[in-house]
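**Student:** Heads up: the sequence shown is residues 480 to 769, going by my numbering.
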Amino acid sequence: MNMNRRRFLTISAAFAATPALAQSHSWQGRAFGAEVSIRLSGPAGAVQPALHEAREIISQMEQRFSLFQPASELVRLNRQGYLQPSAPFAALFDLADRAHRITEGLFDPSVQPLWQALAAGDDPTGAVALIGWDRLSFDRGTIRLAPGQALTFNGIAQGFATDAVADALADAGFENALVNIGELRATGGDWRLAVEDPQYGMLATRSLDRGAIATSSPLATPLGGGGHILHPTRTPRWSTVSVEADRAAMADALSTGLVLADMDLIRQVRQTAGVRRITLVDHHGDLTTL
Numbered sequence: 480m481n482m483n484r485r486r487f488l489t490i491s492a493a494f495a496a497t498p499a500l501a502q503s504h505s506w507q508g509r510a511f512g513a514e515v516s517i518r519l520s521g522p523a524g525a526v527q528p529a530l531h532e533a534r535e536i537i538s539q540m541e542q543r544f545s546l547f548q549p550a551s552e553l554v555r556l557n558r559q560g561y562l563q564p565s566a567p568f569a570a571l572f573d574l575a576d577r578a579h580r581i582t583e584g585l586f587d588p589s590v591q592p593l594w595q596a597l598a599a600g601d602d603p604t605g606a607v608a609l610i611g612w613d614r615l616s617f618d619r620g621t622i623r624l625a626p627g628q629a630l631t632f633n634g635i636a637q638g639f640a641t642d643a644v645a646d647a648l649a650d651a652g653f654e655n656a657l658v659n660i661g662e663l664r665a666t667g668g669d670w671r672l673a674v675e676d677p678q679y680g681m682l683a684t685r686s687l688d689r690g691a692i693a694t695s696s697p698l699a700t701p702l703g704g705g706g707h708i709l710h711p712t713r714t715p716r717w718s719t720v721s722v723e724a725d726r727a728a729m730a731d732a733l734s735t736g737l738v739l740a741d742m743d744l745i746r747q748v749r750q751t752a753g754v755r756r757i758t759l760v761d762h763h764g765d766l767t768t769l
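(1) Looking at the secondary structure, which residues open and close the alpha helix (DSSP H) in which alanine 640 lies?
(2) Whose CA, out of Pro592, Gly638, Pro567, Pro626, lies closest to the CA of alanine 727?
(3) What is the DSSP secondary structure of aspartate 774, counted as helix, strand or coil?
(4) With distance defined between alpha-carbon atoms, name the residue in Gln559, Ala640, Gly736, Gly521 nearest to glutamate 583.
(5) Taking the C-alpha atoms as reference points, what is the distance between leucine 571 and arginine 555?
(6) May I have the straight-line CA-CA distance separating tryptophan 612 from alanine 523, to the nearest angstrom?
(7) Give the DSSP-derived three-state secondary structure of asparagine 557 in the structure shown.
(8) From this set, Thr604, Val526, Phe547, which residue's C-alpha is nearest histidine 504's C-alpha?
(9) Grab the span of the beta strand (DSSP E) containing leucine 759 for me, first residue to last.
(10) Just to check my reading of the structure: leucine 759 and tryptophan 717 have Cβ atoms closer than 8 angstroms, yes? What is that Cβ distance to the nearest angstrom?
(11) Rounding to the nearest angstrom, what Cα-Cα distance links leucine 546 and alanine 691 in this structure?
(12) Is it buried or exposed, aspartate 587, if we count other Cβ atoms within 10 angstroms and call 16 or more buried?
(13) Where do the N-terminal and C-terminal ends of the alpha helix (DSSP H) with glutamate 535 fall, by residue?
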């Protein structure tokens, strides 16, 4: 799966009408192949340095996790089959491993060969045989792929970048900020969000104060006759899944994996520490909230 927008942007955000946010500042740009934005309140003299730092963090994240930058760590790993990762790359790898275990294997970044085969219109049989997160190893500071494998972190990297920027803003003292790098995280405030499905439109509203929300809609981008969230043996059970959690990276990964999950597993994941709410939209447009 490549690093352009893997999913339809299913959450929109607006400033809450509170005095604290009346003097607001915003920045928009592009990262990971999509529009990104930061909204916050504070003195102009403090805002501009904070936004500059945020842009630097986003750039660093792309340099590590983008499939479009030839020198990125991810591209080098896929090309060489091994990598001695930076500390942020190793941290993301560990989060991906945790999400893989929590979703009982449904979140699997090793699907990149299958994405490439489907995008090219090739027979996917050989690519399916290459998938398997459990075939990777991370030992003595080196990540190693099995022969023929390739990874995509497009189901978690945007959330990881969102967390990095939100953490930096919180450390700089910004108590009312909303970071949107494909997934959303608030450092405070009262942000009104609309959860949307690409087929059925807006189906729910949410209020976000401190925490994150990520949404996946597999059929927003058709691929190979199906959705663009891939698994070697599963097809999407849900039209949209939205996960609210303490951290955007985990919300991102869980929303990706859970579009393939049955209700028993979703209820189990809902009990995971840091997960606050899961919203499901089935293929008939019916909404369930856990």
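For each residue, glycine too, the CB sits at the ideal point set by N, CA and C. Here the structure is a predicted model, which is why all the values come from computation and not from measurement.
**Tutor:** To lay it out plainly:
(1) 636-650
(2) Gly638
(3) Residue 774 lies beyond the stretch modelled for the chain, which goes from 480 to 769, so this question has no answer here.
(4) Gly736
(5) 16 angstroms
(6) 46 angstroms
(7) helix
(8) Val526
(9) 754-760
(10) Under the criterion of beta carbons closer than 8 angstroms, leucine 759 and tryptophan 717 qualify as touching, at roughly 5 angstroms.
(11) Taking the straight line joining both Cα atoms gives about 25 angstroms.
(12) buried
(13) 523-544
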